[in-house]
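Report on the following structure.
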Amino acid sequence: MFENGICSLLSRVVPEGGEATAPLPGNLRLWDDDARVLLRTLPAACLDRLFLMFPDPWPKARHAKRRFVHPEMLKVVARVLKPGAEWRIASDDPTYQAWTADVLAAQTLFDVPPPATTRPEGWPPTRYEAKALAAGRGPLYWSAYRRQVTADETA
Ligand SMILES: C[S@@+](CC[C@H](N)C(=O)[O-])C[C@H]1O[C@@H](n2cnc3c(N)ncnc32)[C@H](O)[C@@H]1O
């Protein structure tokens, strides 16, 4: 389902032609299916950082449930992040930017400073970002920091 992204990654970490046989870096794990499924299977509070770089925007309102940034997904992401861990979200799509701002403003699981308008230091560039910039679109970059788990959440 998500072969393009996996192929693109493999082309960077193994020599040309060695995708099926070359050893991978020991600390790399690949998941070639829906990331939402993986997040639901991970143990609680196991991640220090999570990247959501230019998710598909699903701009039609009737498809909003498919957006990765979604009130239901916020709970899923919050569960796997350690307190203080950072969730990085980038988007160039105006509808998705407005949606993300609204969803993040309406939740209590993360502290979210205003988004940056240029890629913050330490964030990797992506292929999609380069296309967006070349097309004149302006990405926004959010860092959402997981708050301490409250008694309400554990109840
Ligand atoms: C707009 S592209 C951005 C790709 C890359 N992150 C970049 O910035 O260059 C969105 C990517 O997310 C993948 N994708 C969409 N929904 C996904 C999901 N639920 N789990 C894993 N990957 C997903 C798509 O297959 C596509 O490769």
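Per our numbering, the very first residue in the sequence shown carries number -19; after that it's consecutive. The beta-carbon is built from N, C-alpha and C at its ideal position, and this holds for glycine as well.
8 Å CB neighbourhood of residue i in its chain, flanking five on each side removed
i     : result
ALA39 : The question names Ala, yet the displayed sequence has Pro at residue 39. ASP73, THR75 and TYR76, listed in sequence order.
In DSSP terms, what residue i is bridged to
i     : result
LEU61 : LEU27
ASP12 : None, per the DSSP bridge assignment.
TRP67 : LEU30 and ALA124
Backbone CA spacing between residue i and residue j [nearest angstrom]
i        : j       : result
LEU54    : TRP67   : 10 Å
VAL(-7)  : TRP11   : 15 Å
ALA96    : ALA124  : 12 Å
LEU(-10) : LYS111  : 21 Å
ARG127   : ASP13   : 28 Å
PRO44    : ASP82   : Looking at the sequence shown, residue 44 is not Pro but Ala. Distance between the alpha carbons of ALA44 and ASP82: 13 Å.
LEU84    : GLY64   : 16 Å
GLU109   : GLY(-2) : 27 Å
GLN87    : THR1    : 45 Å
ALA41    : ALA78   : 12 Å
THR80    : PRO37   : 10 Å
Extent of the continuous alpha helix (DSSP H) to which residue i belongs
i       : result
ALA78   : 74 to 85
TYR(-8) : Sequence check: residue -8 is Arg here, not Tyr. Note, ARG(-8): alpha helix (DSSP H), -17 to -7.
Contacting residues, own chain, Cβ-Cβ under 7 Å from residue i (five flanking each side not counted)
i       : result
PRO(-5) : ALA2
Contacting residues, own chain, Cβ-Cβ under 6 Å from residue i (five flanking each side not counted)
i     : result
ARG59 : ALA24
PRO35 : PHE48
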